[in-house]
Structure formats: C-alpha cells, structure tokens
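What follows is a short report on a single structure.
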Amino acid sequence: MPIETMAPVAAPTPTPAAAAAGAAPATNNEAQKKSNRIQVSNTKKPLFFYVNLAKRYMQQHNEVELSALGMAITTVVTVAEILKNGGFATEKKVLTSTVGMKDEAKGRMVQKARIEIVLTKSEKFDKLMTPNNNNNSERAAAQDGAATNKNTNTNDTKEQTKK
C-alpha cells in the first residue's frame, strides 16, 4: 500500500508564522485562506490535536478551513463534527474534488479524493472557550442542588420511619 502524502506535488502551504515572516501573497484574502487552513493527516497527529488546533485558529481568524486527501477525509469529517456537536462551530462550506498525484512507488498519476470543510465560530464559541465559563458553575450548582435534594429526601425518609 503506498504511503499517502498530504500535499499535492505543488509547493507546500506556508505556516502562519512563515507567512507572517516574509512571503507576502498576492491578495489579503489569499493570505487569510492560507493562514487559517489545516491540512489533516490520519497518521501523523492524534484526532484531538486537530480539534484543539482548529479551536485556536477560529479564535484568531473567526473561521478555519480543514483540508484532507484520501484516507484522512474521515479524520477531517470527525474533527468538524466534534466542533459542531460541541457548539464551537457552524459549517460554512464543504467542497469535494479529486486531485491528480504522482504515485511515487508506481511512478504514475493517481486520483485522490479531497475534501475541504470551512467552519466558522458559533455564537457560543467565546463563552465555551473561557476557562471559567458559566456552564461549569451551573453544572456544579446543579450537582450541589441534586446532592442537597438527595440528602433532604433521605432525612425525610428517616423521620417518617421514626414516627
């Protein structure tokens, strides 16, 4: 089975730090496209590395583009679903295509499936990302209330059995 490469034969996409350091793209929109794109692999990093990276990119750019080829497509879809179901993101755009790549082992062109998913911050994103958000305190209060109710019910039962 050939080893999957993530980038087409063309030059790799610069990282946000490299883009800021020197290489100035033609347009501002193009610069943002490259600085908020994550090219996902299903073998190099764990799933939640990409989930957390996407959250950081959304904090910086308000949207993130997740991109993958071949077998990594399932990883991208899973990352997007985790972010959507957690309330962090909403889906803006999904693109599918095929890309011609040279198979290094066989020396011929092969077609690889490609997906790009663009996610934007949800309305709840900033609230969910704060370290001491209200959800945790609400959850703790609900648990305390449940424990208090449980103790009260137990005491009521004991008092009834005494009578």
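If you count by my numbering, then the sequence shown holds residues 22 to 184, one letter each, in order.
Quick reminder that beta carbons are idealized off the backbone N, C-alpha and C, glycines included.
(request) Look at the alpha carbon of Met79 and the alpha carbon of Val72, and state the distance between them as a whole number of angstroms. (result) Here the question's residue 79 lines up with position 58 in the sequence shown. Here the question's residue 72 lines up with position 51 in the sequence shown. Rounded to the nearest angstrom, the two C-alpha atoms are 11 Å apart.
(request) Determine the closest residue to Glu144 out of Ala110, Ile138, Glu86, Glu102, with distance taken between C-alpha atoms. (result) Sequence index remark: in the sequence shown, residue 144 carries index 123 (1-based). For Glu144, the closest C-alpha among the options Ala110, Ile138, Glu86, Glu102 is that of Ala110.
(message) Looking at the secondary structure, which residues open and close the alpha helix (DSSP H) in which Ala101 lies?
(response) Taking the sequence shown and counting its residues from 1, one reaches residue 101 at position 80. Segment 94–106, the alpha helix (DSSP H) holding Ala101.
(request) Identify the continuous beta strand (DSSP E) that holds Lys127 and give its terminal residues. (result) Here residue 127 refers to the residue found at position 106 when the sequence shown is read from its first residue. No beta strand (DSSP E) holds Lys127; DSSP gives it neither H nor E.
(message) Do Glu84 and Arg65 have their beta-carbon atoms positioned less than 8 Å apart in this structure?
(response) The sequence position of residue 65 within the sequence shown is 44, counting from 1. The sequence position of residue 84 within the sequence shown is 63, counting from 1. Correcting the residue type first, residue 65 is Lys in the shown sequence and not Arg. No.
(request) Would you mind sorting Asn63 into buried or exposed? The rule is 16 or more other CB atoms within 10 Å of its CB. (result) On the sequence shown, residue 63 is found 42 positions in, with the first residue counted as 1. Per the 10 Å Cβ criterion, buried.
(message) Quick check on the burial criterion: 16 or more other C-beta atoms within 10 angstroms. Buried or exposed for Val61?
(response) Looking up residue 61 in the sequence shown gives position 40. Flag for Val61 reads buried.
(message) Helix, strand or coil for Lys145? Go by DSSP, reduced to three states.
(response) If you number the sequence shown from 1, residue 145 lands on position 124. Of the three classes helix, strand and coil, the one that applies to Lys145 here is coil, per DSSP.
(request) Report the partner residues of Gln60 according to the DSSP bridge assignment. (result) In the sequence shown, residue 60 corresponds to position 39, counting from 1. Beta-bridge pairing links Gln60 to Ser88.
(message) According to DSSP, simplified to helix, strand and coil, what is Lys66?
(response) If you number the sequence shown from 1, residue 66 lands on position 45. Coil, per DSSP.
(message) Just to check my reading of the structure: Glu86 and Glu137 have Cβ atoms closer than 8 Å, yes? What is that Cβ distance to the nearest angstrom?
(response) For the purposes of this step, residue 86 is taken as the residue at position 65 of the sequence shown. For the purposes of this step, residue 137 is taken as the residue at position 116 of the sequence shown. 6 Å between Cβ atoms; contact.
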